[in-house]
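Colleague: The sequence shown begins at 1 in the UniProt record's numbering and counts up one residue at a time.
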Amino acid sequence: MQERSIIELEIKQDKKTVIGKSRTITDHINGNPSSQKTQVDELPPLVSALKSSAQQNAASFHFPGHNRGRAAPSSLSQLIGERPFFHDLPELPELDNLFSPAGPILDAQKQAAKLFGASETWFLVGGTTCGIQAAVMATCSPGDYLILPRNSHISAISAMVLSGALPKYIIPEYDFDWDIAGGVTPSQVDKAIQELGKEGRKPAAVFVTSPTYHGVCSNLSEISQLCHLRRIPLIVDEAHGAHLGFHPQLPYPALHQGADIAVQSTHKVLCSLTQSSMLHMSGDIVDRDRICRCLQTLQSTSPSYLLLASLDAARAQLSASPGTVFNQAMELAVETKNTINEIPGISVLDFPRFSNFPAIDPLRVSIGVWLLGLSGFEADEILCREYGVVTELTGTRSITLAINLGTCREHVQRLVSGLRNLSATNFLPTVHQGEKRETEYAVPFNNDDISSNIRLSPRDAFFARKRKVSIEESIGEVCGELICPYPPGIPLIIPGELITEATLNYLLQLRRSKGAVISGAADPLLSSIVICSSG
């Protein structure tokens, strides 16, 4: 009992430290008088270096072959102009080296680290996928256990293949009406750690996705405390949360809640170019030199300076007005949700649906359409075809929208008009008044002990001998390929797992849905499946 009291006291003290740190950093981000004012009249360091280099009257005898746009393919230059080619330069001395930065890249990364509250930040040109792979490889060696939610992004699975880590899965909370998974709770993480402890094992790292694709945020403060009491690093897939903390009504970001590594897709809600991301580190649990070695292994030796400069520019855009940059987007998000909630037969995913979690990102708007007798795929197709509305994510019972800095009121009005038309055409009042319409989709993650389905590690399954069998013959076999409905890019069957009748039925139902795409499978029509051969 005395030992437990000491641990509880340490948790409370650690919690005060984390909250205090969060408030201090948030005050800085929100532009309080104590924060430093960003210089907005100067170009960001990497953008400035790229501009100066492109303006040189150089006799170019280096790559790329379009030679500063002189030989740019006409079909593409007619589409985007010639200026992008002028700035598509290689690793010239004045542009610094991504793997050994000492000039503008180092300066840009230091400014990003300061803004996001990291001890060190690395720019990524391979997306958050590359960052997650590096984070797992930097913390896990072959045979080590990684605690992670079963609905993690495909990059976490490939990270286990690369590192040789073994999964200890957590089944996320699930909302049956929406057919949407939430995050993981501190108690689930604690239970997973204790279960490994009973086997004489300690996890090499804990991996959490927060926010999820639908914006559900886990309680990272408590999870980080549980991890740090045992010196276990916490890795957060924060691909959808690079904007968190940059408005008083946005949830705290992962680093400010004690995460050791946070990987963010700067190109999602923020405004860098697609494929550009950042990896942030805090604390001293993770070996930063090992992160560097992993990134050197995974990233291209010919990084795009357009991508790198866009990261620097996105950082500068935030620095110019960190506390107010999302004001308009937040106002539009609130207006959009309030208006949609008034449309009969249509609902908006809100906090009470996942009450065990501290927040849902207010800029992520998930709209339920099942009371209209429509799947999310069908609603998405109608909105796109008839109203030119393109959503971010479609599901079996909902569609999800991303509100960002470029969202305008005219587009919101077009969305609302389309949803009103869907309601007028499809809403059944009797259902709305109380009849419960059952989902036609089975729930994919409803097994409390999914570990019983793991027969091979992801790495062993990846390198195992394979053979194809018909869909009917695959039940009970060990899957040899990663089968992933896209969007959202979350694997339904992972190599090394037993193929069950329930998951197979769910896949077949998705295949029949308009708009659903099955990626990873050798046969996207799923008439056959690749399994691990025992012979």
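The C-beta atom is built at its ideal place from N, Cα and C for all residues, glycine as well.
Owing to the predicted nature of the structure, the values given are computational and were not obtained by experimental measurement.
1. Residue ranges of each beta strand (DSSP E) run of no fewer than 3 residues wholly in the segment 173 to 259, ordered along the chain?
2. Which term fits lysine 51, buried or exposed, when burial requires 16 or more other beta carbons within 10 angstroms of its beta carbon?
3. Identify the residues that DSSP records as bridge partners of proline 45: which are they?
4. Using the DSSP secondary-structure output, state which residues sit across from leucine 468 in a beta bridge.
5. What do you get for valine 517, buried or exposed, if any count of 16 or more other CB atoms within 10 angstroms of its CB means buried?
6. Verify the CB distance criterion: does glutamate 381 have a CB-CB separation below 7 Å to chain D?
7. Out of curiosity, what's the CA-to-CA distance linking valine 208 and cysteine 484?
8. When you compare only the Cα positions, how much space is there between histidine 280 and aspartate 289?
9. Under DSSP, the beta strand (DSSP E) around proline 149 begins and ends at which residues?
10. Tell me the residue span of the beta strand (DSSP E) that contains glutamine 133.
11. Using a 10 Å radius around the Cβ and a threshold of 16 neighbouring Cβ atoms, would you call leucine 525 buried or exposed?
12. Which residue marks the beginning of the beta strand (DSSP E) containing serine 519, and which one marks its end?
13. Just verifying my parser: in three-state terms, what is the DSSP assignment at cysteine 271?
14. Quick check on the DSSP output: the alpha helix (DSSP H) that includes threonine 297 runs from which residue to which?
15. Taking just the CA atoms, how far does serine 310 sit from aspartate 115?
16. According to DSSP, which residues form a beta bridge with methionine 281?
17. Buried or exposed: which applies to glutamine 413, given that a residue is buried once 16 or more other Cβ atoms fall within 10 Å of its Cβ?
18. Taking its Cβ as the centre, do 16 or more other Cβ atoms sit within 10 Å of serine 5, making it buried, or is it exposed?
19. Mapping the DSSP letters down to three states, classify glycine 368 as helix, strand or coil.
20. With a threshold of 8 Å, are at least 3 pairs of Cβ atoms found where one atom belongs to the segment 335 to 351 and the other to the segment 297 to 315?
21. Give a single yes or no on whether glutamine 109 has its beta carbon closer than 6 Å to a heavy atom of the ligand MG.
22. Helix, strand or coil, according to DSSP, for cysteine 484 in the structure here?
23. Here's the rule: buried if 16 or more other CB atoms are within 10 angstroms of the residue's CB, otherwise exposed. What is cysteine 227?
24. Shortest alpha-carbon distance to lysine 466 belongs to which of His243, Asp88, Ala522, Ala165?
25. How many Å lie between tyrosine 506 and glutamate 472 at the Cα?
26. If I follow the unbroken alpha helix (DSSP H) through threonine 425, where does it start and stop?
27. Leaving out five residues before and five after asparagine 219 in sequence, what residues of the same chain have Cβ atoms less than 6 Å from its Cβ?
28. Can you tell me which of Ile171, Gln109, Leu295, Glu173 puts its alpha carbon nearest to the alpha carbon of glutamine 133?
29. Name the DSSP beta bridge partners of valine 75, please?
30. I'd like to confirm the pairing. Which residues does DSSP put opposite cysteine 479 in its beta bridges?
31. Could you say if the segment 227 to 241 and the segment 194 to 206 meet the contact criterion of at least three C-beta pairs nearer than 8 Å?
32. Just checking my contact of leucine 383 with glycine 345 at CB under 8 Å: how many whole Å lie between their CB atoms?
33. Counting C-beta neighbours from all protein chains within 10 Å, is the total for isoleucine 80 16 or more, i.e. buried, or is it exposed?
34. Specify the secondary structure class of glutamate 331 as computed by DSSP and reduced to three states.
35. Is the segment 396 to 416 in contact with the segment 363 to 373, if contact means three or more CB pairs nearer than 8 Å?
36. Kindly indicate which three-state DSSP category leucine 89 falls into: helix, strand or coil?
Modeller: In terms of the structure at hand:
1. 205 to 209, 234 to 237
2. Indexing the sequence shown from 1 puts residue 51 at position 51. Flag for lysine 51 reads exposed.
3. Within the sequence shown, numbered from 1, the residue matching residue 45 stands at position 45. In DSSP, proline 45 forms no bridge with anything.
4. Taking the sequence shown and counting its residues from 1, one reaches residue 468 at position 468. Before going further, note that residue 468 is lysine rather than leucine in the sequence given. Paired residues: Val530.
5. The sequence position of residue 517 within the sequence shown is 517, counting from 1. Per the 10 Å Cβ criterion, exposed.
6. Reference to chain D is not applicable here, since this structure consists of a single protein chain.
7. Here residue 208 refers to the residue found at position 208 of the sequence shown. Here residue 484 refers to the residue found at position 484 of the sequence shown. Near 19 Å, if we compare the C-alpha coordinates of cysteine 484 and valine 208.
8. Here residue 280 is taken as the residue at index 280 of the sequence shown, counted from 1. Here residue 289 is taken as the residue at index 289 of the sequence shown, counted from 1. Roughly 14 Å separates the two Cα atoms.
9. Here residue 149 refers to the residue found at position 149 of the sequence shown. 145 to 149 is the span of the beta strand (DSSP E), which, as asked, contains proline 149.
10. To locate residue 133, count along the sequence shown from 1; it is residue 133. Looking at the DSSP string, glutamine 133 is not in any beta strand (DSSP E); the run it does join, the alpha helix (DSSP H), is 127 to 139.
11. Locating residue 525 in the sequence shown gives position 525, counting from the first residue. It is exposed - the Cβ of leucine 525 has fewer than 16 other Cβ atoms within 10 Å.
12. Here residue 519 corresponds to residue number 519 of the sequence shown, with the count starting at 1. Looking at the DSSP string, the run of the beta strand (DSSP E) that includes serine 519 is 517 to 519.
13. Position 271 of the sequence shown, counted from the start, is the residue given in the question as residue 271. Here cysteine 271 sits in coil by DSSP.
14. For the purposes of this step, residue 297 is identified with residue 297 of the sequence shown, where counting begins at 1. Note, threonine 297: alpha helix (DSSP H), 288 to 298.
15. Locating residue 115 in the sequence shown gives position 115, counting from the first residue. Locating residue 310 in the sequence shown gives position 310, counting from the first residue. Residue identity check: residue 115 is leucine in the sequence provided, not aspartate. Taking the straight line from one Cα to the other gives about 16 Å.
16. The residue labelled residue 281 in the question sits at position 281 within the sequence shown. Partner(s): Glu120, Ile261.
17. Here residue 413 corresponds to residue number 413 of the sequence shown, with the count starting at 1. Exposed, since its Cβ has fewer than 16 Cβ neighbours within 10 Å.
18. Along the sequence shown, one-based indexing puts residue 5 at 5. At serine 5 the pLDDT is 32, less than 50, meaning the model places this residue with poor confidence and gives no usable figure here.
19. The count along the sequence shown starts at 1 and reaches residue 368 at position 368. Three-state DSSP puts glycine 368 in a strand.
20. no
21. In terms of ligand content, the structure shown is empty, and the ligand MG therefore cannot be addressed.
22. Along the sequence shown, one-based indexing puts residue 484 at 484. The answer is strand: DSSP assigns cysteine 484 an E or B state.
23. Taking the first residue of the sequence shown as 1, we reach residue 227 at position 227. Cysteine 227 should be labelled buried.
24. Start at 1 with the first residue of the sequence shown, and residue 466 comes out as number 466. For lysine 466, the nearest C-alpha among the options comes from Ala522.
25. The residue you call residue 506 lines up with position 506 of the sequence shown. The residue you call residue 472 lines up with position 472 of the sequence shown. The alpha-carbon atoms of tyrosine 506 and glutamate 472 are separated by roughly 14 Å.
26. Here residue 425 corresponds to residue number 425 of the sequence shown, with the count starting at 1. 409 to 426 is the span of the alpha helix (DSSP H), which, as asked, contains threonine 425.
27. Residue 219 sits at position 219 when you count from the first residue of the sequence shown. Taken in chain order, the residues that qualify are Pro186, Pro358.
28. Here the question's residue 133 lines up with position 133 in the sequence shown. Looking at the Cα atoms, Leu295 is the closest of the given residues.
29. What you label residue 75 is simply residue 75 of the sequence shown in a count that begins at 1. According to the sequence provided, residue 75 is serine. The question's valine does not apply to it. DSSP, once it has assigned bridges, lists no residue as partnering serine 75.
30. For the purposes of this step, residue 479 is taken as residue 479 along the sequence shown, with counting starting at 1. The partner list for cysteine 479 (beta bridge, DSSP) reads Ile531.
31. yes
32. On the sequence shown, residue 383 is found 383 positions in, with the first residue counted as 1. On the sequence shown, residue 345 is found 345 positions in, with the first residue counted as 1. No, leucine 383 and glycine 345 are not in contact; Cβ-Cβ is about 15 Å, not under 8 Å.
33. For the purposes of this step, residue 80 is taken as the residue at position 80 of the sequence shown. With fewer than 16 Cβ atoms within 10 Å of its Cβ, isoleucine 80 is classed as exposed.
34. Here residue 331 refers to the residue found at position 331 when the sequence shown is read from its first residue. Helix.
35. yes
36. Residue numbering aside, residue 89 sits at position 89 when the sequence shown is read from its first letter. If DSSP states are grouped into helix, strand and coil, leucine 89 belongs with coil.
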